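Count along the sequence shown starting at 1, add 1, and that's the number in the numbering used here. Scroll down for the structure; my scribbles are underneath it.
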Amino acid sequence: MFIDGTRQLLQYTDPSQYNHASDVHEISPASGEEVVFLSSERPRYTVQYELAATWAFSVNQALEGDDTLKVGLYDGTDGWYLEHRGDHPDSQTGDIVTERGGSVVNRVEDVDLHIPVTEFARLKVQTGWYNITRQVWERSFSEDGEQNNPVITKTDMGGDRGPETGNLNLYFSIEADASTTGLTLNAGSAAQVNLGTTVPFLRQKTQSFEATIANADTWEPIYAFRVDPDREIVNVQVVNLDIVDVSDTGADVKAMVMSFDQSKTDASGYGTPAEHSAKNSVIEEASSVSTFPDSTGTEVSTASNPGGYQLAYSSVYSSGAGANTVTRTGSRTRKRPLFNGDIGVVLAYSDTASVDVTAEVVTEQDW
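Printed below as a string of structure tokens:
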């Protein structure tokens, strides 16, 4: 979620512009404010197949002045979306817009939406990417006991080039005029599917690192990595984290990959891991990391209760002593996506200070 371009991390904050009601997300901008609510992950799009995306939504009052609603497959600079503004002839018309690199390259004006945007209904687009396929837009609603799915318009680029990428975020946006109060967008279910049976070409890539867990009985950052911010259209999942060696065989060691917004950590000095090639991997590792957010969102160097979204976990537990030492390890394949703009930080915990560890991170990329 973004308020006037600033990302809001709902796990740490409770902005007045957002409320999760029983079946919708209520997005309520202040006067003169824009609030964007979009999927953290870009759904995968497979070339050759068409995709279908749907959004259920309504607004609580008719738009006026410079009020603006946008719903579509869009990342802020590329994509297709419905735009309904306060200056449209009535509340059941809107423009269908195509953007490429931040510039509008096609606009169909005053499309009939059949019912007002103040009534809860579903919008659908079916299309392909790379300008080969037209976009078919539908509006779905029920009336007099019947289900209606009329096509509201069809668009195409006529041989010109449309969006630069096909894997785009599911996007809702509502902007209030400087004099508007009480405006709320009810954002309901949204989904994207590829139409047809597809076989993903996903490649696993592993990187290793060595680090020292300096403190005992607390979590601290020992490694960080990210997707190259210039190539975020490549979907990346963290498959596994493995602790493969510890310097103190009697120590109990735990580690986990946590996903944080890049503003919440000081990770820096990014470069391609030695085990990877920048030509076939989008992963970059940081040469330095010392802070991360705790469960309240406060940036710290150690924490007993770290925040974030867990992507992978690994552990090494020991019992006994000397020749009778028994070591047990644990981990599991989780396959969690590393979202655009997030940093993967490995947090480690040991019951003994100054423990050296060697570990491996396995990622999966649709490269």
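By construction, the Cβ of each residue, glycine as well, lies at the ideal position given by its N, Cα and C atoms. For clarity, every value in this text was computed on a predicted model and none was experimentally measured.
For S315, the number of other beta carbons within 10 angstroms of its own is at least 16, and it is reported as buried. One thing to note: L203 has its Cβ no nearer than 7 Å to the Cβ of E42. Between I4 and V36, the C-beta gap is smaller than 7 Å, which places the two residues in contact.
For P274, no beta strand (DSSP E) encloses it, and the DSSP letter there is neither H nor E. Rounded to the nearest whole angstrom, the C-alpha separation of V105 and G159 is 15 Å.
A279 and V317 have their C-alpha atoms spaced approximately 32 Å apart.
Checking the DSSP bridge columns, you'll see F38 partnered with F173. P294 and D145 have their C-alpha atoms some 53 Å from each other. At a cut-off of 3 residues, the continuous stretches assigned as beta strand (DSSP E) that sit fully inside the region 23 to 91 are 26 to 28, 35 to 39, 51 to 60, 69 to 75 and 80 to 86.
For P222, the enclosing beta strand (DSSP E) begins and ends at E221 to V228. Contact check for T273 against V346 fails: the beta carbons are separated by 7 Å or more.
Excluding its 5 nearest sequence neighbours in each direction, T353 has C-beta neighbours in its own chain below 6 Å: A217, D249 and A252, listed in chain order. When the alpha-carbon of A22 is set against those of K255, K71, V245 and S190, the nearest one is in S190. Between L242 and A349, the CB-CB gap reaches or exceeds 7 Å. Cβ neighbours of G66 within its own chain (closer than 6 Å, five residues either side excluded): G87 and D178. Annotation: A179 is outside any beta strand (DSSP E) and is labelled neither H nor E by DSSP. Separation of T181 and N61 (C-alpha to C-alpha, rounded to the nearest whole angstrom) is 13 Å.
DSSP lists V126 and T154 as the beta-bridge partner residues of W138. With a cutoff of 7 Å on beta-carbon distance, S355 and Y310 are scored as not near each other. According to DSSP, residue pairing for N241 in a beta bridge involves V363. In this structure, the beta-carbon distance from N195 to T47 falls below 7 Å. Counting C-beta atoms within 10 angstroms of its own C-beta, D343 has 16 or more neighbours from the protein chains shown and is therefore classed as buried.
Counted as a single uninterrupted DSSP element, the beta strand (DSSP E) harbouring I284 occupies residues I284 to S289. Within 10 angstroms of the beta-carbon of L11 lie fewer than 16 other beta-carbons, which makes it exposed.
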